[in-house]
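Enquirer: My questions will all concern the structure given below.
This is how it looks when you write it as structure tokens:
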């Protein structure tokens, strides 16, 4: 009877050990599956990060190139307009000097003055508009520089 009691205890102990072993195997399989899922996720995230890094570099190059192109375009436009203003001023100065030297009558100079003042006013307005536009572009350029820096 004592041996049978020992056998029962050992049998129960063996069954408990087998259950624990089965639970441990299930836990092992679960952990392995979770590890594989996590590993696949990390691989996907790394791939996405590499792609995003490439896209960010391309965008940065495009933004830098675009800003340089805009800056060059408007610098050239400003230079052209300044030369145009200088040319018009020279023409106006020449006309005034010529009229003075030739002692043209006052009526002729009076007739030309409003036209020259009108042109000069338009050019000043255009310069003011361009300066305002340059200010806007510089603000936009600063924003783009900040975006690039981020």
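Residue numbers (my numbering): 4 to 153. The beta-carbon is built from N, C-alpha and C at its ideal position, and this holds for glycine as well.
#1: From the DSSP output, in three-state form, read off residue 153 for me.
#2: Just checking my contact of residue 147 with residue 66 at CB under 8 Å: how many whole Å lie between their CB atoms?
#3: Which residue's Cα is closest to the Cα of residue 98: 82, 87, 118 and 81?
#4: What separation, rounded to the nearest whole angstrom, lies between the Cα atoms of residue 10 and residue 22?
#5: For residue 4, name the three-state secondary structure that DSSP assigns.
#6: Work out the CA separation of residue 86 and residue 127 for me, nearest whole Å.
Expert: In short:
#1: Here residue 153 refers to the residue found at position 150 when the chain shown is read from its first residue. Three-state result, residue 153: coil.
#2: Walking along the chain shown from the start, residue 147 turns up at place 144. Walking along the chain shown from the start, residue 66 turns up at place 63. That belief holds up - the Cβ atoms of residue 147 and residue 66 are roughly 6 Å apart, short of 8 Å.
#3: What you label residue 98 is simply residue 95 of the chain shown in a count that begins at 1. Comparing Cα positions, the closest option is 118.
#4: Here residue 10 refers to the residue found at position 7 of the chain shown. Here residue 22 refers to the residue found at position 19 of the chain shown. C-alpha separation (whole angstroms): 18 Å.
#5: Your numbering for residue 4 matches position 1 in the chain shown. Of the three classes helix, strand and coil, the one that applies to residue 4 here is coil, per DSSP.
#6: Counting from one through the chain shown, the residue named residue 127 turns up at place 124. Counting from one through the chain shown, the residue named residue 86 turns up at place 83. When rounded, the distance between both Cα atoms is 13 Å.
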